[in-house]
Amino acid sequence: MTNKCLLVIDDDDGVREIIQISLEAAAGWQVLTASSGREGLQVAANQQPDAILLDVMMPNMDGAETFRRLQASPETAPIPTILLTAKAKMSEQQQYMNLGVTGIITKPFEALNLVNQIQKILNW
Amino acid sequence: MNINTVFSPNLEPQIELQQLIVSLAIQLMKSDSYTISKRIDEAMQALGDVLAVDAIYILLKPENTENLKIAHHWVLPEISPPDWTYLHIPFEQFIGSDRLQQGKGVKINKASDLTSSRDRAFWQKYQGKSLLALPLQNQKNTFGILGFCSYHHTYPWPNSQITALAQVSEIFSQALQRQQQEQTHLESHRRKQALYNAIPDLLLCIGSDGIYRDCLSARNSQDLIKVNRVGKHLSELLPPEIVNRQLQYIQQVLTTGETISFEQKLCIDGVCQDQEVRMTASGPDEVLLIIRDITGRKITEEALKESENRAALAFQGNNDGIWDWNVQTDEVFFSPRWKEMLGFSDSELPNHLSTWSDRVHPEDLEGAMQAIQDHFDQKVPFYNTEHRLQCKDGSYKWILDRGRATWDEDGKVIRMVGSHTDISDRKAAEAALQESEKRWQLALRGANDGIWDWNLATDSIFFSPRLLEMLGYESGEWGDRFESWQSRVHPDDLERVFNTLKTHFNQETPFFVSEYRLRCKNGSYKWILDRGKATWDEDGNVTRMVGSHTDISDRKLAETQLQQANRAFRTLSHCNQAIVRAQNETDLLQSICDILIQTCGYRLAWIGYLEHNAAKTIKPMAKAGYDAGYVDSLNLTWADNPYGQGPVGKAVRTAQRIPGGLCSYCICPEITQDSHFTPWQTDALERRYTSIIALPLLNESGVFGVLTLYSTETDTFDTEEVKLLQELTADFAYGINALRDRRSLAESEEKFRQLTENIEDVFWMQNVENDDTLYVSPAYEQIWGRSCQSVYDNPLSYQQTIHPEDCDRLNQLIQNSLNGYFDSEYRLIQPDGSIRWIWDRGFPIYDEHGNLYRKAGIAKDITERKNIEEILRQSKDEMEQRVQQRTLELARINEKLQQELRDRIAIETKLRKSEKQYRTLVQNFPDGAVFLFDRENRHTIADGVGLTTQNLSREQLENHTLEALPDKLLTAVRPLYEAALNGQTLTRAIEYRDRIYTYQALPVRNEQGEVFAGMIVMQDITERAAIERMKGEFIAVVSHELRTPLTSIHGALNLLDSGLVQPDSPQGSRVIHIAAESAARLTRLVNDILELERLESGKIKLNPETIQALPLLQHALDQMQVMANRAGINLVLDAADCQFIADRDRILQVLTNLLSNAIKFSDRGQTVSLLLHPTPDSLIFTVRDSGRGIHPDKIDCIFERFHQIDASDSRQKGGTGLGLAICRSIVEQHGGKIWVESTLNEGSCFYFNLRRQ
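Top to bottom, those sequences are chains S and Z. Read in numbering that gives the first Met the number 0, the first sequence has 33 at position 34, and its numbers run on one by one without any break. Read in numbering that gives the first Met the number 0, the second sequence has 291 at position 292, and its numbers run on one by one without any break.
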């Protein structure tokens, strides 16, 4: 469990860092970061993380588009992806679920909580 | 009811005229020649009345003259015609005589109608004004003229009237002709009668049934039967043996056709008569008897026989007286017998010649003396003389004196001896014989008979001069030979005559009677009646025969003619009777056929009508005669095919009228010789039909039928016969048409009668001139309670029925009535005294000339109505009282109503005002429209600004149904209309023409809660939707933007708080830093958001003040200096000073914002410039940088909130993403504009302008 490697794709530096620190501190997982969808695709393809945390609201390529691209590429397709979103409405979450992501986590979150949710979703 | 509306005005007088004509025809037909004249006069009177002419004339032209003579005339009493009535006018000179002679009518109304000057001269002389002349015709020519004239005015002489009057002229022609015929008939009849009377014979007609049909000779004093025979049977009048013998002879005559004669002795009531009867057939079942009283002759014959016997006896007896005369001394010895013969005794007479000579009848003396002398002179061998001698008693006796003289040698007579034979008896007989012979001869001579005397011993015949004269020979021209007679007998009759003679010689018949023809000197044959009687000797040989010839050619002719005329007359008479009496057409046709068979003696007669079908068949309507069934098998047609080539078909096709009112005909005189008759020949011959005639029946429209007659003899149809048949046919046709006319007349009369009899009202008609009632309908009896007859009898009786109070008023009204119309109500008093109210309306009736000549009207019993009126009048008074009361009430109510009305008007005004307000509301309904519609979806109101965006108009929709909407819109909004009218409220958002509308449908209910209309409120929410959408997006973005720093803060603090990260570790510092930054950002963001909201909602009030530009710009630069330094950017100011009015702080905010952006997006070492360009009425501020620039696609949305580029990039650079939106808001609030020009990788220029004032 501790040997998991996650990729966090989020355009906000602060959030990215917090997540990174949170996961490293709370779960000891290795956390890779990408600040844009494009960067995230590259890293995912190269590093093959065990999971991807994907922010939805990003400029240029948003989370949905990034996820489609991930799915489109055979290297990154099998990697389970969890969307991070600030939208709390159930209907909107359902929309994101329809994309085919493995799970959704809403912001803001607590570190330990975050770990639990990830574990629950990915069955770690 | 006006009679003019029921019958056309012209028909009525025509009906009357037609009626008159029919009755004239009937009357004239019934009249005999004596009464015809009278009838004609009456007829003219009647015509004069009906026609309204001034005069009617009949002019006749007797045969062999050329002058017309007035035969009948009628003139209106008031008129004195010109005097030409008493002149004789040559027919040639009469007006239009050529036309009249051709059988056409002449119509003259003015002198210019006349073409010839001669006619005009006549016209002037005549001084007439108007004339209609019609010809009177018989078959040959025009024999007279029927003229109608007027002296006062012109007469139009309509064609219908001329046709009617032509009928009158025909009727008159026929009547006059018949009169003439009858006169001639009568003449010839009288002549015959005179003939018959001259012949003392009795002429009778007996039928085969033994019934007397006629007695042709005048009442004969010698006729034993004094009673009227006609119609009685023989057995009623005659003794049985006579009857039987006559009946036998009748049958014999009818069967053989021979004439037979016989004698009979008829004793009636003790008086006996010897009669010679000659019987001959005078018809198929009728015989003519000529009965001669031969009693006298018989007696004479007896006397003759007697005297002959006596003479013979006398001669044979030897009772003579003797005398002996001494011629020298004149002494005579008379034997006693001689004296006794004279009745003297022997001693009474001296024996002297004087005894003899004194007693010789003076007349005979000379003869006797001469006889004596002749004998003395020896001229005769004996003295033989007959003379009369006077007896003692003075009477004379005839004596046969015979004697012989003796002479001496000198030849001188010395003595004569002789005998007297008393031949007084013989002489008497001779004298009687002579007398009777003289009488006989006289009788015969008086009867114009010739006499013959045949001495069979010497075979010499004496032919009397008259006998020869009868045949045109001179007396004695025949000599005395039998051959003279025999050779002149007609060969066809000779054998018969000889047979009759032989029969008589064999004493089989008492008399020789034969009719035969003898050749006259000129070669023609005369019919002779030869009667004679033979005398036989003891051995039965005929010694002598005496007889007479009667010229019966006239009689034969007369008989034939009589028969013919009889037959013709009877046929005509029967037919005319049938015509007059016929009630219907079928009976008439059958009667005619029957008559033709029975009276005319044809074998078969039938009448057929033409059928106008494709086959043009002829349908048999009636038939009579031998094997009438033959007719049905004929299959006749009038088409031009093999079955239409017989006489019938031909007659139909060639049918035409012939002058004289007759028709054409077609004869097949001998069917075996006519090839056209082949289809029917076999059947016809079987029935012994030999010759056929077919006559077409004509009426005005042409042929309608055909009459066909069959005879068993050839040449039956000679000229006379044909003429008779033509006349018959013309009469039939006329009769049939008259019947049809009568029937249609009867029908129209029936209609009229039904009409008038069944109406409840009294319909009346009067003459204008004399107030005679022409007609009053049966309802009169009901309403007036008096008989209609009473009004006809006494028209004034009607006046007396009127209530005295109303009488004058009514009369006044009638007299004053304009052109005959009047309308009046009056009372009548019924016989029982009860009163009835009558409503009488009268109308004028005008004749063809427009003159008022009749009045008609309808009288209605309005008693009931009057009663009701009375009741009404009473209740009216009551009502008036009540009305007054009510009036007061009503005034009060009226006042109330007025008030209500005023109130209502006020309400209406309010209503109208509120409607206006409503409409104003609707029209000003922002971006929307209101539709108000009724249950038929018809818009009462369709108004509002929103209509324009939908490209609709108020005019388009108001008062139209929802169907006026465009299809796409209609489909979308229809459910709303339906829902509203269903009482449901429904809201829908509808997209149309790229805009979004919200439609709300509402039902409109009345006080009872029923939906009587629907309302739809529509609003254009496109902007709002857009705004909503944008708002949604904004919130999405804002919530994200707010949540993002919160995430960082929360996460950071949580890490620290949970102990996962120590605050004083490097991670801890990092985390704290992140949290602090995020908190600051969050603060800024919230501030900006709130600021923007406040700006845009107008909650922030601007504080405009006059600003110096330059110091402000500098200030802005100063504020940004630190940031610029840090970023390594140059700040440049390029502006001229000027003044403007604005909110200082806000403009400063804008400037600093723009500068901040410029610095953020420039690279190190680049320059950011701040410029100001004044224009006459505004200032343009510019912030230029040479940074990365903006993509052209993003330029438009750069001033929107949280536009993507700005958001993320500004975030990175610490911005909120709202800066430019705030700038825009501020600038636009100042009434300015802000925009940007940019080139990628080269830089951007942000401009905004402000008004100076």
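For each residue, glycine too, the CB sits at the ideal point set by N, CA and C. What you are looking at is a predicted structure, and each value in this text was computed from that prediction instead of being measured.
Verify whether the separation of the beta carbon atoms of Ile857/Z and Asp760/Z is less than 7 Å.
Yes, the Cβ-Cβ distance between Ile857/Z and Asp760/Z is below 7 Å.
Cutting at 8 Å between CB atoms, please list the residues of its own chain near Val412/Z, excluding the five before and the five after it.
Closer than 8 Å at Cβ, skipping near neighbours: Val326, Phe375, Ala404, Thr405 and Trp406.
Are Asp40/Z and His71/Z close, meaning C-beta to C-beta below 7 Å?
Their beta carbons are under 7 Å apart, which means Asp40/Z touches His71/Z by this criterion.
Three Cβ pairs or more, each shorter than 8 Å: is that satisfied between the region 997-1011 of chain Z and the region 1157-1170 of chain Z?
Counting Cβ pairs under 8 Å, fewer than three are found: no touch.
Under 7 Å, Cβ to Cβ, is there at least one residue of chain Z near Ala33/S?
No, Ala33/S lies away from the interface with chain Z (no Cβ there is under 7 Å from its Cβ).
Is the beta carbon of Val541/Z closer than 7 Å to that of Gly531/Z?
The answer is no: Cβ separation not under 7 Å.
Count the other CB atoms within 10 Å of the CB of Arg903/Z; is the residue buried (16 or more) or exposed (fewer)?
Its Cβ having fewer than 16 others within 10 Å, Arg903/Z is exposed.
Is the Cβ of Glu38/S closer than 7 Å to any Cβ of chain Z?
Closer than 7 Å: no.
Among Thr420/Z, Gly342/Z and Phe381/Z, which one has its Cα closest to the Cα of Lys391/Z?
With distances taken between Cα atoms, Lys391/Z lies closest to Gly342/Z.
Please report the straight-line C-alpha distance between Thr153/Z and Pro830/Z, rounded to a whole angstrom.
If you take the alpha carbons of Thr153/Z and Pro830/Z, they lie about 49 Å apart.
Sorry if obvious, but does the Cβ on Lys86/S come closer than 6 Å to a heavy atom of the ligand COA?
With respect to small molecules bound, the structure shown includes none, and the ligand COA cannot be examined in it.
Output the boundary residues of the alpha helix (DSSP H) element that contains Thr636/Z.
It is not in any alpha helix (DSSP H) - Thr636/Z carries neither H nor E in the DSSP assignment.
Got a sec: is the Cβ-Cβ distance from Val14/S to anything in chain Z below 7 Å?
Yes - at least one Cβ of chain Z is within 7 Å of the one on Val14/S.
Name, please, each residue of chain Z whose Cβ falls closer than 7 Å to the Cβ of Lys119/S.
Correct list: empty, because the minimum Cβ distance to chain Z is about 18 Å.
Report buried or exposed for Asp458/Z, applying the criterion of at least 16 other Cβ atoms within 10 angstroms of its Cβ.
Under this definition Asp458/Z is an exposed residue.
Which chain Z residues are close to Ala71/S, counting only those with a beta carbon under 8 Å from its beta carbon?
What Ala71/S touches in chain Z: nothing, since even the nearest Cβ is about 23 Å away.
Report the CB separation of Ile51/S from Leu22/S in whole angstroms; it is logged as a contact under 8 Å.
Incorrect: roughly 13 Å between the Cβ atoms, too far for contact.
Just to confirm, is the Cβ distance from Gln1138/Z to Thr1105/Z under 7 Å?
Yes. Within cutoff.
Does any residue of chain Z have a CB that is nearer than 7 Å to the CB of Glu64/S?
False, the Cβ-Cβ gap to chain Z never drops below 7 Å.
Along the chain, where does the alpha helix (DSSP H) that runs through Met878/Z open and close?
Unbroken alpha helix (DSSP H) run through Met878/Z: Thr862 to Asn923.
Could you work out which residue in Ser1057/Z, Leu1217/Z and Glu1076/Z is closest to Ala24/S when comparing CA atoms only?
Nearest C-alpha to Ala24/S: Ser1057/Z.
How far does the beta strand (DSSP E) with Phe461/Z in it extend, from its first residue to its last?
Its beta strand (DSSP E) spans residues Ser459 to Phe462.
For Gln263/Z, tell me which candidate among Val252/Z, Tyr248/Z, Gly256/Z and Thr254/Z has the shortest Cα-Cα distance.
Among Val252/Z, Tyr248/Z, Gly256/Z and Thr254/Z, the Cα nearest to that of Gln263/Z is on Tyr248/Z.
Buried or exposed for Tyr688/Z, please, with buried defined as at least 16 other CB atoms from any protein chain shown within 10 angstroms of its CB.
Its Cβ being crowded by 16 or more others within 10 Å, Tyr688/Z is buried.
For a contact defined as C-beta to C-beta under 8 Å, what are the partners of Glu1199/Z on chain S?
Ordered by position in chain S, no residue passes the 8 Å Cβ test against Glu1199/Z, which lies about 14 Å from the chain.
Within 10 Å of its beta-carbon, does Lys1257/Z have 16 or more other beta-carbons around it, so buried, or fewer, so exposed?
Nothing about residue 1257/Z can be reported from this structure: the residues present for chain Z run from 0 to 1252 only.
Buried or exposed for Gly1231/Z, please, with buried defined as at least 16 other CB atoms from any protein chain shown within 10 angstroms of its CB.
So Gly1231/Z counts as buried.
Run the CB neighbour count on Cys592/Z, radius 10 Å, all protein chains shown included, and call it buried at 16 or more, exposed below.
Cys592/Z comes out buried.
Are three or more beta carbon pairs between the region 694-713 of chain Z and the region 573-583 of chain Z nearer than 8 Å?
Result no; under three Cβ-Cβ pairs closer than 8 Å.
Against chain Z, does Ser90/S count as a neighbour if the rule is that its beta carbon must be under 7 Å from one of theirs?
Answer no: the Cβ-Cβ gap between Ser90/S and chain Z never drops below 7 Å.
Answer yes if the region 558-572 of chain Z comes into contact with the region 474-493 of chain Z, meaning at least three C-beta pairs across the two stretches below 8 Å, and no otherwise.
Output reads no: the region 558-572 of chain Z does not touch the region 474-493 of chain Z.
If we call anything under 7 Å between Cβ atoms a contact, is Lys520/Z one with Gly471/Z?
Yes, they are a contact pair.
Quick check: the region 256-276 of chain Z against the region 391-401 of chain Z, are there 3 or more CB pairs under 8 Å?
The region 256-276 of chain Z vs the region 391-401 of chain Z: no contact.
Determine the burial state of Thr585/Z: buried for a count of at least 16 other Cβ atoms within 10 Å of its Cβ, exposed for fewer.
Classification for Thr585/Z: exposed.
Taking just the CA atoms, how far does Asp673/Z sit from Arg652/Z?
Straight-line Cα distance between these residues: approximately 18 Å.
Touch check for the region 94-106 of chain Z and the region 141-156 of chain Z: three-plus C-beta pairs under 8 Å?
Output reads yes: the region 141-156 of chain Z touches the region 94-106 of chain Z.
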